[in-house]
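Residue numbers are given in the working numbering: position 833 of the sequence shown equals residue 958, and the series is strictly consecutive.
Here's the structure we're looking at; comments come further down.
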Amino acid sequence: MASNSLADIVEKMKEGSITRGWGAVCVFNREKLNRILQQQWLEKYDGTGYLPVFSGTMDLNATGTEYGVMTNVLLGKPLLSFEPARLDTSKAKLTLSILGGNFSVHEKNRGLLYEFDITEAHGYTLTVELDLSLVVGVVDRLGRVTLDLSKGTKFSCNLAGPAASREKLGEYFDQRFKALPPERQVYVLGILDLKGGSDLTPTNFIVLTQRAPGAEVAGAKNAADGAVVVMVKLRGSEHGGEIPSPERFPYLIPDDGDYSATIVLAQEYVSRSDNEKLELIHSLLFPGEKNVFVEHTRREPKDLVIFGSLDPSRTSLTIEPGVHVVKAGGGPVEYKAYLDGVATDVEWSVSSLNSNTSAGMIDPVTGVYRPVSAANLGRELVRNIVKATYVDPQTRLIHEVQALLLVTTQSMKISPAVVSRIEGQTTNTVTFVATALSGTTLTWRQPTYGTLSAQGSSAVYTPPSAAQLLQLPEFTVVDTIAVEDGLGESVEASVVLTRGAPTLEIEPRFASDVRRSGTITFTEKSGAPEAVERIWQVIGEGTISNAGVYTAPATAVRPYAIVRCEIFGAGMLLYAGYSVVKLAIHDEEPGWTGLSKFSLEALRSLRLFANGYQQLPLEAVIETNGARLTQEEMDSLKMVYVSSNQYVPEVPALQDGIEKDDIPVTHRLWAQTRIANRYKPYAGPPAAQTQPGGTTAITDRVNLFLVGHSGQTTHFYAVFNDSLGNPWRSDRDPGHTDGIITLEPMPSPTPNIDDYALIRKRVDGGGGSDSDGDYDFDWYLKTIDYWALTYRRSGQVGVDFMTAEVRGLQSIVQWESPAPNETMFSYTGYGFNDPAKPNDANIMRYDPLLVEHLGLPLKTEMEPGEALDEGKFRIGLFRCEHADGVRQDQRVKLYPLRSQKLKVYLTDDEGNHHKLAIGFKSSDRNRLYVDHLDG
């Protein structure tokens, strides 16, 4: 691998600026970005944003003669790599391991070819080539570097061997991802705050990807390594820059230290103050504020380059193990939580996504988890979520983190678990891979008919030759592949061998998960007369009657049984065939078969403002005729338009609502989400609630939210999928009228300017707060006034602001007269306590021009005792007197701030938008006014 030391990078940068017209460059390496991805993947399990399991059937070749069946396939955490990267593109590769599920391959004429249960250790994966995306929030003005699985350009899955089959499996996942809601498929790598007022505030950016030095060499150990490169336009730059040359742009992550991130500031900004440079660093954010950029060293070859790392923040709570697999009835698992790398006491809990009875128990204090017994495991693979909750003793903020815990029926798995080999077919070898939770050494046993060459966790099986197959004692036999771990646990696979090609079709060809003592009826399709002798037999466990009725054993020892049928005439074998039976080794937990109630209720009003941000909270009330819904079933519930039977689109990932101008027309009317945003619901009277009936059924309640821009009353119903993927609709299951809900959007208010007010409060310099008289200004010349902006909807309902952004100039100035020697001078700053940001209550912000050229110290904090309440916006008006020496003809560089207005964009706590202009009253340095902003 080529050397790429810090000194090497700095030496290359001495040749000239590398920013290519951009204001800054931010670079993050693969290792730390993958940690961010894993954190988000686990966080998605705290809600409905996790990837569902995948079940379905797909063709595996172009002719459609071979197909695959996927059942409950569970994808693991995404891992980013850079094999397809080139600096003039944003391409990357994402690899998702497969943690569990089942896969089988069938040939339409022959039936089952092979089948197996999956564990992560088998090494099966889904790979997705995709372009990194840029998403800018219209309201929060945060620019996000995202990975969107639905926008993958090439999917491939290695559950099947042939290249064509892998592509077909990839096409299946591509289609499934495109149908998923955004929160289940979008990941955020980094965030740039675009709201600041400094020249070093990012305003836009592009995302590129770059391979690490030497990664393109065949066989390189670092073949997957690379970095995400973000080229940033700053507020002080009129235009963005060019895409850099892949051949000349250096790889900015040094390999001779613990470096994982680098920031480059363009040469033209190097002379700026350290505080402004800090603003650039502080604008670099990461999802959930769980990671921060930590500076290690800086150099100034031409541009300023800051080498650092992405490290966990001090409030980042982590949990170990993050993903774990345990056998039902197995030993305890101890979980640990860490805050800032130190073991921390938390409250522990566990819940299940796909089971109501098999979550197990965790000690809420010690974090010791104990699974249910093997006899009580209600699913083949139970997916549990372990949660750690920590309450900060100082701030009382709640921090939570999740882990995925899989509980399985077996501690060992083998792939494939059953496979067909018949005479006349090319006798390819079969590679078996075994996995054991114990991690101990595996011992393979030689089969009866074929041969086995084993090494570690894999073994290559060579079937008998065609001549040997003709000598089999029966037409159909089973060769058993057995492997044992160091603790005495074992697992078996079955190879079905026949003397010749089967000539008899048996239905079903493959029976999956036949329950203990369960029965299944097999039929043969020979068409032979009834008088012809038919012999039904079982290889393995269970029994079968002369009529072809198979009865499974009460307790299965082996996972598969082979049902064979042979038809004789005149003492000669005429037809022979077989079917494969997979035996369940667990008792399925009780479920349900129908609904007695499925209604929709508005938790507040049936109205909402049609501004795209105010949410209308709904609740689906569901009662079944048996067990309650699993969490996974409830998480699948979605709203549907009655008029078109189309799903209501999801609120775009990472957004609080929907904007009119930034999304397709079809997505502007309504959108749904499970995530409550920070805006207040409509203040009208609550909707009538349905009263509980006299039923004793257990009620499940699912909460969700709608937002919209529609101007028309709209009718909706809800639909969810059961554990088998079957849809259930509130408008027809069970069919009551309360399964349809009608919502009425209201137009956003059109405020009069009199609904706004600027209320003055004198906080320093003497005098009072009477805005009408001149006494406070004539007698007190050097003062500080805080002007609070208030808004009362319709002149009556007081609301706060959830977002506020001053665009363009951040301060304005006014001299008392136009005289060149005038020194009576005023200037402004502003403050807003963003409810979404901590420690925002005492900050006063100014325009960079004022900071650089005023010549007086600026108060960057509020006066003592004057901290802003959440959601409040104020202008600070600072009046100077003659002694301060701010003479008009000596402050020419402040002239761009004269006779101007502040352009203030706000969103109130009901989701309505406001565009206001705030300026000095004409020829008055003492008072401010507010007006609607034109345009």
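Just so you know, even glycine gets a beta-carbon here, dropped at the ideal spot from N, CA and C.
Hey, quick one: how far does the beta strand (DSSP E) through G226 stretch, first residue to last? K216 to E232
Under a three-way DSSP split, which group does M486 fall into? strand
With DSSP as the reference, identify every bridge partner of M1084, one or two as the case may be. Here the chain has residues from 126 to 1060 only, and residue 1084 is not among them.
Beta-carbon contacts of V230 that lie in its chain and below 7 Å, excluding the five residues immediately before and after: L185, E191, G193, L238, Y239 and A285
By Cβ distance below 6 Å, which residues in the same chain neighbour S637 in space, the five residues on each side in sequence not counted? Result list for S637: K707, in chain order.
Ends of the alpha helix (DSSP H) at H407? D399 to H407
Tell me S258's beta-bridge partners as DSSP assigns them. T271
Proximal residues to F374 (C-beta, below 7 Å), its chain only, five neighbours per side dropped: I143 and L212
In chain order, what residues of the same chain have a beta carbon less than 6 Å from the beta carbon of E308, not counting five sequence neighbours either side? G174 and A778
Please look up how many angstroms separate the CB atoms of L255 and V270, rounded, as I've assumed it's under 8 Å. No, L255 and V270 are not in contact; Cβ-Cβ is about 13 Å, not under 8 Å.
Return the CA-CA distance between L84 and N347, expressed in angstroms with no decimal places. A question about residue 84 goes unanswered here, because the residues of the chain that appear run from 126 up to 1060.
Chain-order list of residues whose beta-carbon lies under 6 Å from that of M764 (same chain, five-residue window excluded): Excluding sequence positions up to five before and after M764, its CB lies within less than 6 Å of the CB of V773, Q797, F841 and A843, all in the same chain and listed in chain order.
If K157 and A386 are in contact, beta carbons under 8 Å, what's the gap, nearest whole angstrom? 7 Å
Just reading off the beta strand (DSSP E) that I687 is part of, what are its end residues? Y685 to G694
N- and C-terminal bounds of the alpha helix (DSSP H) containing D965: Premise fails: D965 is in no alpha helix (DSSP H) and is neither H nor E.
Sheet register partners of E986 (DSSP bridge): According to DSSP, which records beta bridges pairwise, E986 is partnered with I968.
Quick one: what does DSSP say M183 is sitting in, helix, strand or coil? strand
Taking only the alpha-carbon atoms, compute the straight-line gap between E995 and D959 and give it to the nearest angstrom. 6 Å
Can at least three beta-carbon pairs, one atom from the segment 604 to 615 and one from the segment 628 to 636, be found at a separation below 8 Å? Between the segment 604 to 615 and the segment 628 to 636 there are fewer than three inter-stretch CB-CB distances shorter than 8 Å, so the stretches are not counted as touching.
Proximity below 9 Å, CB of V621 to CB of V555: No, Cβ-Cβ distance for V621 and V555 is not below 9 Å.
Would DSSP call M697 helix, strand or coil? strand
Thinking C-beta only, is R799 closer than 9 Å to N828? yes
In chain order, which continuous runs of the alpha helix (DSSP H) of length 4 or greater are located wholly inside the segment 282 to 344? 288 to 303
Range covered by the beta strand (DSSP E) that runs through A99: It is not possible to answer for residue 99, since the shown part of the chain is limited to 126 through 1060.
Taking C-alpha atoms, which residue in P371, V261 and E367 lies nearest to D318? Ranking P371, V261 and E367 by Cα distance to D318 puts V261 first.
In terms of residues, what are the limits of the beta strand (DSSP E) holding H1038? H1038 to F1045
Report the rounded CA-to-CA distance for A681 versus G503, giving the unit in angstroms. 16 Å
Any idea which residues DSSP pairs P437 with across the strands? Beta-bridge partners of P437 (DSSP): N416.
Nearest by alpha-carbon distance to G643: which of E599, E713 and Y460 is it? E713
Identify, in the order they occur along the chain, each residue of the same chain with its Cβ nearer than 7 Å to the Cβ of A1069, setting aside the five sequence neighbours on each side. What is shown of the chain runs 126 to 1060, which leaves residue 1069 out entirely.
Unbroken alpha helix (DSSP H) runs of length 4 or more, entirely within the segment 720 to 786: which are they? 756 to 760
Does any C-beta atom of chain C lie closer than 9 Å to the C-beta of E609? Among the chains of the structure shown, chain C does not appear; only one protein chain is present.
In angstroms, rounded to a whole number, what distance separates the CA positions of V516 and L720? Per the coordinates, the alpha-carbon of V516 lies some 40 Å from the alpha-carbon of L720.
Out of E977, A745 and L731, state which residue places its alpha-carbon closest to the alpha-carbon of R739. Reading off the sequence shown, one finds Gln at residue 739, where the question assumed Arg. For Q739, the nearest C-alpha among the options comes from L731.
With a CB to CB cut of under 6 Å and the five nearest residues on each side skipped, what residues in its chain are close to I823? R753
Taking the continuous beta strand (DSSP E) assigned at E240, which residues delimit it? Counting along the chain, the unbroken beta strand (DSSP E) around E240 starts and ends at G236 to D242.
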